[in-house]
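Numbering (the working numbering), first residue to last: 117 to 624.
Just so it is clear, CB atoms sit at the ideal spot from N, CA and C, and this is done for glycine as well.
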RNA sequence: GGUCCGUUCGUCUAGCUGGCCCAGGACGCUAGGUUUUCAUCCUAGAAAUCAGGGGUUCGAAUCCCCUACGGACUACCA
């Protein structure tokens with residue numbers, strides 16, 4: 117019988133979610149939606165020491181911005197509530213006890229300090245220490261101590277942890293959906309702590325218990341979890357839950373664009389791109405890390421960019437809406453190797469989304485920027501302007517650079533253009549053009565254009581020579597959209613004013 | 001150190017069941033065209049001895065082995 121697909125995204129609230137995590141959430145979401153399954157948000161906050169205020173809210177908010185929706189979770193509730201592990205705390209102990217009872221786990225009384233000491237000693241001898249099959253016999257635990265001794269320590273409230281008793285000789289097989297069959301021998305694995313002395317379970321225990329209780333069908337997570345997957349498989353076996361053990365898919369890592377290694381928090385602002393979906397301010401240091409949203413990326417673009425970092429549809433289509441991704445996605449087409457973030461390609465994606473927007477939409481995004489600069493303009497006119505320039509930019513924030521001359525008379529003129537185009541007779545020709553413009557009754561692009569072109573031709577002049585200089589005095593630079601469209605937008609009087617001003621200032 | 005995972009143009013990648021691959025697409029780059037200019041757009045081009053070496057085979061980027069390199073993990077963190 118086919119099991120209902122239930123996947124979970126399970127971040128720990130230790131800070132902002134970085135794009136690697138966002139991609140994991142995205143792949144989980146795409147898979148769930150495609151299979152008609154459920155997407156669950158579970159907060160894994162079993163480490164009380166690493167709790168960061170605001171992180172949980174950040175995760176919820178930034179994923180919402182990106183359009184990744186949850187069917188169940190801390191913020192929306194659901195039939196398997198609670199969805200925050202700290203709220204599930206009373207639940208875990210019985211499972212640890214069950215493991216002890218069945219001989220799959222044991223009490224360990226070694227203090228962190230004593231273990232640290234042993235580690236140091238081993239390091240000095242260039243050996244690695246592991247709490248495992250071979251070393252556990254020489255340590256303080258319920259395997260080496262007498263039953264009375266253990267009971268006494270427990271009664272005296274000695275701090276202890278519960279460790280998994282890894283079998284001595286067993287091949288553990290993981291059938292990873294992305295990597296295929298991975299086999300690890302149990303004797304190489306250590307006796308991981310399942311239950312901490314502070315009364316909280318570790319990730320390993322909580323994760324398995326919750327996935328089982330929440331009936332998770334697929335665990336899609338980052339590659340960094342692959343080494344502990346054998347332990348997780350063993351835990352399912354120890355609990356007798358093998359029949360309903362979820363399928364595993366370990367995603368390739370997101371690498372830093374320069375050099376090698378996992379993309380980290382610091383890389384982003386160092387290399388000029390955000391690593392977080394939305395801006396984050398560290399509550400302790402006040403340090404601000406930039407986000408895609410604040411940097412001007414559209415959520416649709418971020419989704420598209422992230423989807424293609426480690427996955428591709430096998431066709432040449434690159435632009436995908438969320439719905440299209442849900443249709444096309446497949447775990448089989450996820451690559452095995454890590455992907456580097458490419459800033460240029462990211463910009464290109466944003467540009468593609470920006471140009472799909474109408475002038476009206478862009479005008480509404482741009483209006484607040486203009487208001488802040490004290491510039492007043494009708495929205496309809498602004499929409500026309502936005503439509504005119506939208507193919508020249510990747511981000512909304514670049515609009516001002518491309519349009520400022522529509523609102524402000526140029527104060528400076530591009531030196532390069534002056535040097536290249538401005539000749540002795542330029543002023544006199546421009547003066548003639550002022551006269552021509554003055555005669556235009558109904559101020560229209562076409563009429564103005566035709567008359568100026570006629571003047572150029574009648575006088576045997578070169579188009580470029582005149583047009584470029586005219587552009588220079590109108591715009592202040594040698595670039596921009598169609599000149600006569602600009603002239604028609606800024607109006608006859610302003611155009612004439614600018615030409616006259618330009619002639620005066622440049623001829624100095 | 002140990003375990004595991006990975007390795008095709010600068011980057012993301014196609015290539016999965018071997019021949020259609022002296023390796024295709026996209027971003028970026030270069031050149032040309034369009035344009036009054038820039039951008040867009042169009043066309044063309046440079047760019048991977050498929051990490052290296054051995055096999056298997058009539059034939060390998062594709063299968064096998066070894067080596068190298070890279071990465072992840074190796075906490076009472078997730």
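Item                                                                                                    : Value
In DSSP terms, what residue 450 is bridged to                                                           : 427
Opposing strand residues paired with residue 392 [DSSP bridges]                                         : 407
Local conformation of residue 195 per DSSP, three classes                                               : coil
Residue 274 (DSSP reduced to helix, strand or coil)                                                     : coil
Inter-residue spacing [alpha-carbon to alpha-carbon] between residue 255 and residue 167                : 31 Å
Under 8 Å between C-beta atoms of residue 561 and residue 601                                           : yes
Cβ separation of residue 429 and residue 408, assumed to be a contact under 8 Å, to the nearest whole Å : So it is not a contact: roughly 23 Å between Cβ atoms.
Residue 705 versus residue 129: straight-line alpha-carbon distance, rounded                            : The requested residue 705 is not part of the displayed model; the chain covers only 117 to 624.
Proximity of residue 156 and residue 330 at Cβ, strictly below 8 Å                                      : yes
Through-space distance from residue 422 to residue 474, alpha-carbon basis                              : 25 Å
C-beta atoms of residue 587 and residue 580 nearer than 8 Å                                             : no
CB of residue 288 within 8 Å of CB of residue 221, strictly                                             : no
Residue 532, DSSP secondary structure in three states                                                   : helix
At least three beta-carbon pairs within less than 8 Å, the stretch 433 to 441 to the stretch 394 to 413 : no
Rounded C-alpha distance that separates residue 433 from residue 462                                    : 16 Å
Given residue 464 as reference, the closest of 258, 508, 503 once Cα atoms are compared                 : 508
Boundaries of the beta strand (DSSP E) in which residue 78 is found, first to last residue              : For residue 78 there is no data in the structure shown, the boundaries of the chain being 117 and 624.
Collapsed DSSP secondary structure at residue 189 in the structure displayed                            : strand
Beta carbon of residue 184 nearer than 8 Å to that of residue 133                                       : no
Nearest-angstrom Cα separation, counted from residue 348 out to residue 357                             : 11 Å
C-beta contact flag for residue 619 and residue 543 at 8 Å                                              : yes
Beta strand (DSSP E) segment containing residue 291, residue limits                                     : 287 to 292
Within 8 Å, strictly: CB atoms of residue 694 and residue 301                                           : Outside the displayed span of the chain (117 to 624) sits residue 694, for which this structure offers no information.
Residue 668 - containing alpha helix (DSSP H), residue span                                             : Nothing in the structure corresponds to residue 668, since the chain is present only between 117 and 624.
Cβ pair residue 334, residue 512 closer than 8 Å                                                        : no
Residue burial classification, residue 206 (beta-carbon count within 10 angstroms, cutoff 16)           : exposed
Three-state class that DSSP yields for residue 257 in the structure shown                               : strand
Residue 571, DSSP secondary structure in three states                                                   : helix
Backbone CA spacing between residue 273 and residue 261 [nearest angstrom]                              : 16 Å
Same chain only: Cβ atoms within 6 Å of residue 126, ignoring 5 sequence neighbours per side            : 158, 160
Segment limits, alpha helix (DSSP H) that includes residue 496                                          : 495 to 505
Residue from 467, 516, 603, 477 whose Cα sits closest to the Cα of residue 486                          : 516
Simplified DSSP state of residue 235, which is helix, strand or coil                                    : helix
DSSP beta-bridge partners of residue 122                                                                : 154
Buried/exposed call for residue 154, threshold 16 Cβ in 10 Å                                            : buried
At least 3 beta-carbon pairs within less than 8 Å: the stretch 439 to 459 vs the stretch 369 to 383     : yes
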